[in-house]
Amino acid sequence: MASQSSIHRSNKSERALLVVDFQNDYFPGGLWTLCGMDAAADNAARILAAARASGDLIVHIRHEFTTNDAPFFKPESSGAQIHPKVQNLKDEYVVVKRYTNSYRETNLKDILDGHGIRQVVICGAMSQNCMDLLVLSC
1 MASQSSIHRS NKSERALLVV DFQNDYFPGG LWTLCGMDAA ADNAARILAA
51 ARASGDLIVH IRHEFTTNDA PFFKPESSGA QIHPKVQNLK DEYVVVKRYT
101 NSYRETNLKD ILDGHGIRQV VICGAMSQNC MDLLVLSC
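Using our numbering, you'd call the opening residue of the sequence shown number 1 and step up by one each time.
This is the structure:
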(Lines of atoms letter the chains of each structure in order from A and count residues from 1; the text may use other names and numbers.)
(Lines give C-alpha, C1' and ligand atoms only; values in the text may rest on other atoms or scores of the structure.)
Protein backbone atom coordinates (compact mmCIF):
# COMPACT_ATOMS: atom_id res chain seq x y z
CA MET A 1 0.00 0.00 0.00
CA ALA A 2 1.27 3.43 -0.86
CA SER A 3 1.88 5.95 1.88
CA GLN A 4 0.12 9.28 1.71
CA SER A 5 3.33 11.17 0.99
CA SER A 6 4.43 8.78 -1.77
CA ILE A 7 1.51 9.43 -4.10
CA HIS A 8 2.55 11.71 -6.94
CA ARG A 9 -0.20 12.64 -9.34
CA SER A 10 0.52 14.57 -12.50
CA ASN A 11 -2.64 16.60 -12.06
CA LYS A 12 -3.64 17.70 -8.57
CA SER A 13 -7.25 16.79 -9.19
CA GLU A 14 -9.70 17.13 -6.33
CA ARG A 15 -11.37 13.95 -7.58
CA ALA A 16 -10.80 10.37 -6.45
CA LEU A 17 -11.90 7.07 -7.90
CA LEU A 18 -12.86 4.46 -5.31
CA VAL A 19 -12.72 0.93 -6.73
CA VAL A 20 -14.62 -1.26 -4.30
CA ASP A 21 -14.63 -5.02 -3.74
CA PHE A 22 -13.52 -6.24 -7.16
CA GLN A 23 -12.10 -9.34 -5.50
CA ASN A 24 -11.44 -12.82 -6.85
CA ASP A 25 -14.04 -14.56 -4.66
CA TYR A 26 -16.81 -12.65 -6.49
CA PHE A 27 -15.71 -13.96 -9.90
CA PRO A 28 -16.38 -17.37 -11.51
CA GLY A 29 -14.51 -20.02 -9.55
CA GLY A 30 -14.53 -17.91 -6.38
CA LEU A 31 -16.23 -18.74 -3.10
CA TRP A 32 -19.09 -16.22 -3.50
CA THR A 33 -19.63 -15.78 -7.24
CA LEU A 34 -21.76 -12.81 -8.28
CA CYS A 35 -23.59 -12.59 -11.59
CA GLY A 36 -22.09 -10.18 -14.12
CA MET A 37 -18.75 -9.57 -12.42
CA ASP A 38 -16.67 -9.99 -15.58
CA ALA A 39 -18.69 -7.35 -17.42
CA ALA A 40 -18.66 -5.08 -14.36
CA ALA A 41 -14.88 -5.42 -14.07
CA ASP A 42 -14.47 -4.61 -17.77
CA ASN A 43 -16.47 -1.41 -17.24
CA ALA A 44 -14.51 -0.60 -14.09
CA ALA A 45 -11.22 -1.11 -15.96
CA ARG A 46 -12.30 1.54 -18.49
CA ILE A 47 -13.21 3.95 -15.69
CA LEU A 48 -9.92 3.19 -13.95
CA ALA A 49 -7.92 3.88 -17.12
CA ALA A 50 -9.67 7.23 -17.58
CA ALA A 51 -9.10 8.21 -13.94
CA ARG A 52 -5.42 7.31 -14.19
CA ALA A 53 -5.09 9.36 -17.38
CA SER A 54 -6.76 12.32 -15.66
CA GLY A 55 -4.42 12.19 -12.68
CA ASP A 56 -7.21 11.39 -10.23
CA LEU A 57 -6.38 9.81 -6.91
CA ILE A 58 -7.11 6.07 -7.06
CA VAL A 59 -8.14 4.12 -3.97
CA HIS A 60 -8.84 0.40 -4.16
CA ILE A 61 -10.92 -1.00 -1.34
CA ARG A 62 -11.07 -4.68 -0.55
CA HIS A 63 -12.86 -6.62 2.15
CA GLU A 64 -11.04 -9.21 4.20
CA PHE A 65 -12.65 -11.06 7.07
CA THR A 66 -10.60 -11.72 10.19
CA THR A 67 -11.11 -15.48 10.51
CA ASN A 68 -10.70 -18.47 8.22
CA ASP A 69 -14.23 -19.70 8.97
CA ALA A 70 -15.62 -16.80 6.92
CA PRO A 71 -17.63 -17.90 3.85
CA PHE A 72 -15.36 -15.89 1.51
CA PHE A 73 -12.64 -13.18 1.59
CA LYS A 74 -10.68 -15.29 4.03
CA PRO A 75 -7.57 -13.63 5.51
CA GLU A 76 -4.61 -13.57 3.11
CA SER A 77 -6.41 -15.83 0.60
CA SER A 78 -6.25 -15.42 -3.17
CA GLY A 79 -10.02 -14.94 -3.12
CA ALA A 80 -9.63 -11.80 -1.02
CA GLN A 81 -7.18 -10.24 -3.48
CA ILE A 82 -8.07 -7.61 -6.06
CA HIS A 83 -9.06 -9.10 -9.41
CA PRO A 84 -6.44 -8.72 -12.19
CA LYS A 85 -8.80 -6.71 -14.43
CA VAL A 86 -8.67 -3.80 -11.98
CA GLN A 87 -5.40 -4.53 -10.19
CA ASN A 88 -3.90 -1.62 -8.31
CA LEU A 89 -0.66 -0.04 -9.43
CA LYS A 90 2.11 0.19 -6.86
CA ASP A 91 1.49 3.91 -6.27
CA GLU A 92 -2.27 3.53 -5.70
CA TYR A 93 -3.81 3.13 -2.29
CA VAL A 94 -5.32 -0.15 -1.13
CA VAL A 95 -7.62 0.10 1.88
CA VAL A 96 -8.46 -3.17 3.62
CA LYS A 97 -11.80 -3.10 5.39
CA ARG A 98 -13.24 -5.55 7.91
CA TYR A 99 -16.83 -4.31 7.70
CA THR A 100 -19.22 -3.50 4.85
CA ASN A 101 -18.72 0.23 5.50
CA SER A 102 -15.43 1.27 3.89
CA TYR A 103 -14.99 4.12 6.38
CA ARG A 104 -15.40 2.05 9.53
CA GLU A 105 -12.02 1.49 11.20
CA THR A 106 -10.02 2.30 8.03
CA ASN A 107 -7.86 5.21 6.91
CA LEU A 108 -10.07 6.04 3.91
CA LYS A 109 -11.23 9.41 5.27
CA ASP A 110 -7.66 10.39 6.15
CA ILE A 111 -6.48 9.52 2.63
CA LEU A 112 -9.22 11.55 0.96
CA ASP A 113 -8.86 14.51 3.33
CA GLY A 114 -5.07 14.43 3.07
CA HIS A 115 -5.29 14.85 -0.70
CA GLY A 116 -7.95 17.56 -0.61
CA ILE A 117 -10.49 15.36 -2.36
CA ARG A 118 -13.83 17.08 -2.87
CA GLN A 119 -15.43 14.73 -5.41
CA VAL A 120 -15.51 10.93 -5.51
CA VAL A 121 -16.42 8.55 -8.29
CA ILE A 122 -17.28 5.08 -7.05
CA CYS A 123 -17.44 1.77 -8.87
CA GLY A 124 -17.66 -1.64 -7.31
CA ALA A 125 -19.50 -4.81 -6.44
CA MET A 126 -22.48 -5.44 -4.18
CA SER A 127 -24.21 -2.12 -4.90
CA GLN A 128 -27.11 -3.02 -2.60
CA ASN A 129 -24.75 -3.44 0.35
CA CYS A 130 -21.18 -2.14 0.46
CA MET A 131 -21.67 0.48 -2.22
CA ASP A 132 -24.80 1.89 -0.54
CA LEU A 133 -23.00 2.20 2.79
CA LEU A 134 -20.00 3.85 1.18
CA VAL A 135 -22.12 6.42 -0.66
CA LEU A 136 -24.17 7.19 2.45
CA SER A 137 -20.99 7.59 4.51
CA CYS A 138 -19.42 10.08 2.08
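Virtual Cβ for every residue (Gly too), placed ideally from N, Cα, C.
query: What residue range does the beta strand (DSSP E) around L17 cover?; result: R15 to V20
query: Pairing CB atoms from the region 102-118 with CB atoms from the region 45-53, are three or more of them under 8 Å?; result: no
query: Considering just the uninterrupted stretch of the beta strand (DSSP E) at G124, what are its terminal residues?; result: Q119 to G124
query: What is the DSSP secondary structure of L57, counted as helix, strand or coil?; result: strand
query: Please state the DSSP three-state secondary structure of R52.; result: helix
query: Which of the three DSSP states, helix, strand or coil, is assigned to K97?; result: strand
query: Pop quiz: V20 and I82 are said to be a contact at Cβ under 8 Å. What is the actual Cβ separation, rounded to whole angstroms?; result: Their Cβ separation, rounded to whole angstroms, is 10 Å, which puts V20 and I82 out of contact at 8 Å.
query: To the nearest angstrom, report how far apart Q119 and L17 are at their CA atoms.; result: 9 Å
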